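Structure first, commentary second.
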Amino acid sequence: MADLWQNAMDHAVAAARRAGQVVREALLDDRKVMTKSSSVDLVTQTDQKVEQLIIQSVKEKFPTHRFIGEESVAAGEPCILTDDPTWIVDPIDGTTNFVHAFPFVAVSIGFSVNKQMEFGVVFSCLEDKMFTARRGSGAFCNGEPLQVSGQKDIQRSIIATEFGSNRDPEVVDKMFSSLRNVLCIPVHGMRGAGTAAINMCLVASGCVEAYYEIGMHVWDLAASSLIVSEAGGVLMDVEGKDARASADGGDARRGAKSVRCACVFRRSGRSDVPTDR
Ligand code: IPD
């Protein structure tokens, strides 16, 4: 049977590639930086321009579909997920990286129907890596299949995390305390690419065993959550419960802009990946 959403997915891949080109060109220009919730929560005209480019191109082809876009929500649009086909867009995941030309910047496009992710596209546009996943059909990077790490021992693992944009000292203390707890397990190392979507694609690729962050947004996770689960990984909240409900818009459904937490772990017990590192 023909895949009902293949057309939409092809469109998402093409739109992400075009958006990535705009991002790369913008890196050569002056980047006018504005702030959102705090002085370190950055946005640029390129974020807004790229989001509009993606949304306009989708509207022309799929006029009945709905959207949740990071910059549209910042501009006051509602962040509500319904059963309708919905495109969940982060035009530049890693805006701070983009501002500083730190070389990890992603265009993230997730697509949900009946509140379930159907496909996810993350284009790491400075590395020219196109990560894709279609529900039930696996995850890929530039067409090559992805599989999460099979490492079962956290002491032999690399864990990724991010610090977000809240610089309230109490919040920072809690982040440092979690960081210390994880680092002193001890783990092999901790990393952060500066973009949630790419961190999750690193988990899907098997080179990072887990990623955690408190207070991510639905557009940070929508596409990459499917890429991780299709690569054999799991998403869980701080209590160890399945976090896909948050990742694929559960919090958006409740009208919240950010999920409480997302931890992404490799699924243990896979025998087809070397475990000794
Ligand atoms: C942010 C990045 C960052 C993560 C934040 C995200 P943005 O997205 O992914 O790494 O720590 O939680 O909001 O603002 O660059 O699209």
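Residue numbers in the sequence shown follow our numbering, run continuously in steps of one, and reach 434 at the last position.
Backbone N, C-alpha and C fix where the C-beta goes; we use that ideal spot for every residue, glycine too.
It should be emphasised that the depicted structure is a prediction, and the values quoted were computed from it without experimental measurement.
- For the segment 260-322, the full-length beta strand (DSSP E) segments reaching 3 residues or more read 263-270, 273-281, 286-291, 296-298 and 315-318 along the chain.
- Annotation: Ser294 to Glu387 spans about 7 Å, alpha carbon to alpha carbon.
- At least one heavy atom of the ligand IPD falls within 8 Å of the beta-carbon of Gly251.
- Relative to the ligand IPD, the beta carbon of Trp376 is positioned inside 8 Å of a heavy atom.
- Note on geometry: alpha-carbon atoms of Ser381 and Arg291 lie some 11 Å from one another.
- The Cβ-Cβ distance between Val375 and Tyr368 does not fall below 9 Å.
- When only Cα atoms are considered, Pro343 and Thr318 end up about 15 Å apart.
- Contact between the segment 177-192 and the segment 212-226 is absent: fewer than three C-beta pairs spanning the two stretches fall below 8 Å.
- In chain order, Gly363, Ala388, Gly389 and Val430 place their CB closer than 7 Å to the CB of Gln304, counting only its own chain and leaving out the 5 sequence neighbours on each side.
- Under DSSP, Val190 shares a beta bridge with Thr201.
- Closer than 8 Å to some heavy atom of the ligand IPD: that does not describe the Cβ of Glu284.
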